[in-house]
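If you read the sequence shown in this note's numbering, its first letter stands for residue 1, the second for the next number, and so on.
No residue lacks a Cβ here, since even glycine has one placed at the ideal position from N, Cα and C.
Keep in mind the model is a prediction, meaning the values are calculated, not measured.
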Amino acid sequence: MLHVKDLSVSFDNLDILKKIDLDLSPGEVLALTGPNGCGKTTLLRSIVGEIALSGGSVQIERGYWPVYVRQEDIDYRGSTGNYLFGARPELLKLREKLEAAADPLAHAEYINEYHAIGGFDFEEEIVLTLVDFGFERDEIHKGFDEHSQGQKRLLSIMRALLSRSKLLLLDEPTNHLDIAMTLRLEEIISRLKRRGTGIIVVSHDRTFIDRVADKTIYLKFGQSLSVNGGYSLMLEHLESDSLSRQKEAGEIDRKIRQLEAEIVRRKNWSASKEASKRHARDKGYVGHMAAKQARRAMAVQKRTGKLIDELKEKKPFVEKPLSFSLSDYTVSRRKMVSAEDISFSYEADEIISGAFVDIDTTDRVGIIGQNGSGKTTLMKCLIGELEPSSGKIYRNEGVRWAYIPQNVLNFFERKTLIEEFLSTGIEEEKLRSHLANIRFRRERAMARISDLSHGELMRAALLKVIASKAEFIFMDEPTNHLDIESLEVMDDLLAGFPGGFVFISHDRRFIASHGQRLFFIDRGILKSFQSTSRVDVRLFRQISDDISYAAREAEMRRRRSQDDWESVEKAPPEEKDEDTED
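Below, the structure written as C-alpha cells:
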C-alpha cells in the first residue's frame, strides 16, 4: 500500500534523511523511533507531501490515502461532536448549517439532506467510537477543550479512524496517555490491523512498540536500521551493529597505521639516498638514480596518502558507549518519609483517602494510576509542598534529597548549563566528561537552560542531583516526552545511583525496571504492591479495567453490536429458494 524508496530530505545543505527505504502492507504496523531530531516527523511529513524530497520517491497505491495525526497539542474551541465530525468535512458543514438554521423550512430541508447523505448514521458511528475509546455517549456534546490532554490525544486518533482511511500515520500517539489509555489504544490498533489498516507510528514508548509493531525502523544521523519486530529486537540489532562498527573501525585504524608507517619508511629511505649521493664518487650517476627513486617514493607517498583519506572517509561512526562513574558515595538505609492515615481534598473532592506510606532511603517506589488520580498530589504531600487535610507525615530532614518536578525547567536556578553545575563545586573538566557520558555534545555545555530540549533538561537535572551527592530523589513524570536516547541514559544513571527514589510514570518498561515497590492510586485509595517482579501486562490490564461500571457495560454493548455487524458484513449472500424460481 505504501512504498518509500531512497527518500532523502535536506535543509540548507544539511542532510536530514538519507536514502530511507520502507514498505507498508495492509494490516501492518511499522514503528519509527530514534533520538529527538533524527527526522521521524520529517519522514511522516514527507510521506503526506508536506515537505519536498531532495531525492527518492513515495508511492501510495490506488485506493489508499494517508491520514496524519500530529503530535502537537490541539487547540479547538467547539464541541467534541463537531471536532469528530471534522473527519467528514461535508457532513460537518451541513451539521453547522442545521444547527444555525432559524427558518423552519430551511431547517427541515437541511434535516432531509443530512439524513440522505448519512449524517445520522455517522453520529451513531461517532457515539460507538467514543464508547469504544472509554468515553460516555453524552460526551459528544461536551466542549472539546474540557477534556484532559490525554483524552484530546485519543479524540484526535478517533477522528483519524472515522475518516475511514486505511493508511494512518500517528506521530507520538501515546503522549499524555496514562497506562489504561495506552492499553486501550493497543487493543484498537490490534483490531485495525485485523481489518487491513496499515499504520506508521512514531513512538518512544518501548513497551508500546514491542506490543504493536510488526517492523521497527530506528533513525539516527539521517540513516535507518530496520528489523522485523519491536523495540527489544531493535535493541539487539543496535548492539550487534555497534559491535560490527567497532570491529570495522578497528580494522580500518590498523590499515591506516600500516600505511602511515610505510610513508615514514619511504621518507627515511629517500633521505638516506639523498645522503649517499653527497658521498658517492660518481655523483652524476648516483644523483640521477637517487632523484629517480625519490620521485618514485613521492608518487607512492601520494597514492598512500590518498588511500588513507579514502579509509578515513569509509570508517564508520562509532558512538562512545555510555560510561558512568558518578556515584562515588554510599547511602545508608534509614527512614526517608512516612505518612499515617493521610487524606487530601480539593474543596469537596477527596483526592486521597486514608493513605499509609513508609519509605526508606534505599527504597525504589513507583506511583501509578490514571490521569487525575492524585499521584502528583501524593508526591507533593510527601515533600511538603502540600499539607494533607488530615493525618500525619514524617520527613527525615537529615537526608539529602532532591525533587525533580514535572516541569523540569523549574528545577534549574542559573541561566546556562555550565553555571548550574559549577555552582555545585564540580570541576569544569570533570563536568564536561560527565556531560559527554550522558550524550551532550561539547558545545551544549555552554547552552542556555531555556534552549535545551526536554530530554536534555531531564538528563542534566538527574546528573546534577547525583553530582550533588543526593541520597534520595522524588521525580514527577521523569519519562514524560523523553526520547529513546534519554530514556536509556536515565536507566543507566538510576541503575548506578546508590540511593533510593520515588517516581511517577506511565512508562511500563521504566516502571518494571526501577520500581521495587508500587503504589497504585485507585479512586483515592492507595494500594501497595511489594514487588514488581511480577509486574507485567496483567497488572496493567487490571489498571486498564478500572473504569466506571457504566463505561464497561457500554463497551460490552458496543462489542456485541459490532460483532453482530461484522457477522452480517461477512455473511455470504442469501441464496434463492430453487423451488420458487420461474
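Buried or exposed: residue i, going by 16 or more other Cβ atoms within 10 Å of its Cβ?
i: residue 560; result: Note on residue 560: pLDDT 49, under 50, position unreliable in the model; the coordinate value appears next. Its Cβ having fewer than 16 others within 10 Å, residue 560 is exposed.
i: residue 151; result: buried
i: residue 446; result: exposed
i: residue 261; result: exposed
i: residue 500; result: buried
i: residue 83; result: buried
i: residue 219; result: buried
i: residue 4; result: buried
i: residue 641; result: The first residue shown for the chain is 1 and the last is 582, placing residue 641 beyond what the model contains.
i: residue 330; result: exposed
i: residue 514; result: buried
i: residue 334; result: exposed
i: residue 282; result: For residue 282, the predicted model reports a pLDDT of 49, less than 50, meaning its position is unreliable and no value from the coordinates is stated.
i: residue 140; result: buried
i: residue 13; result: exposed
i: residue 264; result: exposed
i: residue 424; result: exposed
i: residue 92; result: buried
i: residue 403; result: buried
i: residue 159; result: buried
i: residue 95; result: buried
i: residue 194; result: exposed
i: residue 88; result: buried
i: residue 198; result: buried
i: residue 392; result: exposed
i: residue 401; result: buried
i: residue 477; result: buried
i: residue 210; result: buried
i: residue 217; result: buried
Based on the DSSP output, what are the partners of residue i in its beta bridges?
i: residue 401; result: 472
i: residue 407; result: Beta-bridge pairing links residue 407 to no other residue.
i: residue 421; result: DSSP lists no partner for residue 421.
i: residue 521; result: 526
i: residue 393; result: 339
i: residue 10; result: 15
i: residue 350; result: 345
i: residue 3; result: 23 and 59
i: residue 587; result: Not covered by the structure: residue 587. The range shown for the chain is 1 to 582.
i: residue 167; result: 66 and 198
i: residue 29; result: 199
i: residue 360; result: 335
i: residue 600; result: With the chain running from 1 to 582 in the structure shown, residue 600 is simply not present.
i: residue 366; result: 503 and 518
i: residue 376; result: According to DSSP, residue 376 bridges with nothing at all.
i: residue 355; result: 342
i: residue 448; result: 416
Using CA coordinates, which residue listed in the options is at the minimum distance from residue i?
i: residue 176; options: 234, 399, 219 and 205; result: 205
i: residue 328; options: 19, 496 and 141; result: 496
i: residue 161; options: 133, 178, 18 and 37; result: 133
i: residue 78; options: 71, 72 and 86; result: 86
i: residue 45; options: 69, 178, 407 and 148; result: 69
i: residue 122; options: 99, 107, 142 and 90; result: 90
i: residue 509; options: 17, 179 and 31; result: 179
i: residue 125; options: 153, 145, 144 and 163; result: 163
i: residue 475; options: 99, 492 and 405; result: 405
i: residue 156; options: 210, 127, 73 and 103; result: 73
i: residue 472; options: 387, 391, 382 and 426; result: 382
i: residue 464; options: 487, 455, 407 and 431; result: 431
i: residue 456; options: 419, 64, 487 and 426; result: 487
i: residue 453; options: 407, 414 and 493; result: 407
i: residue 375; options: 254, 505, 340 and 398; result: 505
i: residue 168; options: 31, 355 and 386; result: 31
So with Cβ pairs under 8 Å, would you call residue i a contact of chain B?
i: residue 60; result: Protein chains in the displayed structure number just one, and chain B is not present.
field: Cβ contact (3+ pairs, closer than 8 Å) linking the stretch 361 to 374 and the stretch 512 to 519
entry: Flag = yes, the stretch 361 to 374 and the stretch 512 to 519 touch.
Would the stretch 55 to 67 and the stretch 223 to 240 be scored as touching if the rule is three or more Cβ pairs under 8 Å? No: fewer than three Cβ pairs fall under 8 Å.
Q) Going along the chain, which unbroken runs of the beta strand (DSSP E) with 3 or more residues stay wholly within the stretch 189 to 259? A) Taking only runs of at least 3 residues, the beta strand (DSSP E) segments lying wholly in the stretch 189 to 259 are 198 to 202, 215 to 220 and 223 to 228.
Three or more C-beta pairs under 8 Å: does that hold for the stretch 170 to 189 against the stretch 199 to 216? Using a C-beta cut-off of 8 Å, the stretch 170 to 189 makes contact with the stretch 199 to 216, since at least three inter-stretch Cβ pairs fall below that distance.
**Asked** Do the stretch 454 to 469 and the stretch 367 to 382 meet, that is, are 3 or more Cβ pairs less than 8 Å apart?
**Response** Short answer: they don't touch.
**Unbroken stretches of the beta strand (DSSP E), 3 residues or longer, contained in the stretch 31 to 114** = Look at the stretch 31 to 114 and you find these whole runs of beta strand (DSSP E), each 3 residues long or longer: 55 to 60 and 66 to 69.
Q. Would you say the stretch 431 to 443 touches the stretch 456 to 464, given that touching needs at least three Cβ pairs under 8 Å?
A. By the Cβ rule, the stretch 431 to 443 counts as touching the stretch 456 to 464, because three or more pairs are nearer than 8 Å.
Counting pairs of beta carbons, one from the stretch 183 to 197 and one from the stretch 124 to 140, are three or more of them closer than 8 Å? With three or more CB-CB distances shorter than 8 Å, the stretch 183 to 197 counts as touching the stretch 124 to 140.
Does the pairing of the stretch 228 to 235 with the stretch 17 to 29 give three or more beta-carbon distances under 8 Å? Cβ pair count under 8 Å is below three, so no.
ask   = Does the pairing of the stretch 109 to 118 with the stretch 186 to 201 give three or more beta-carbon distances under 8 Å?
value = Counting Cβ pairs under 8 Å, fewer than three are found: no touch.
Quick check: the stretch 479 to 487 against the stretch 26 to 41, are at least 3 beta-carbon pairs closer than 8 Å? The stretch 26 to 41 is in contact with the stretch 479 to 487.
Checklist entry - Residue ranges of each alpha helix (DSSP H) run of no fewer than 4 residues wholly in the stretch 120 to 178, ordered along the chain? => result DSSP runs (the alpha helix (DSSP H)) wholly in the stretch 120 to 178: 149 to 162.
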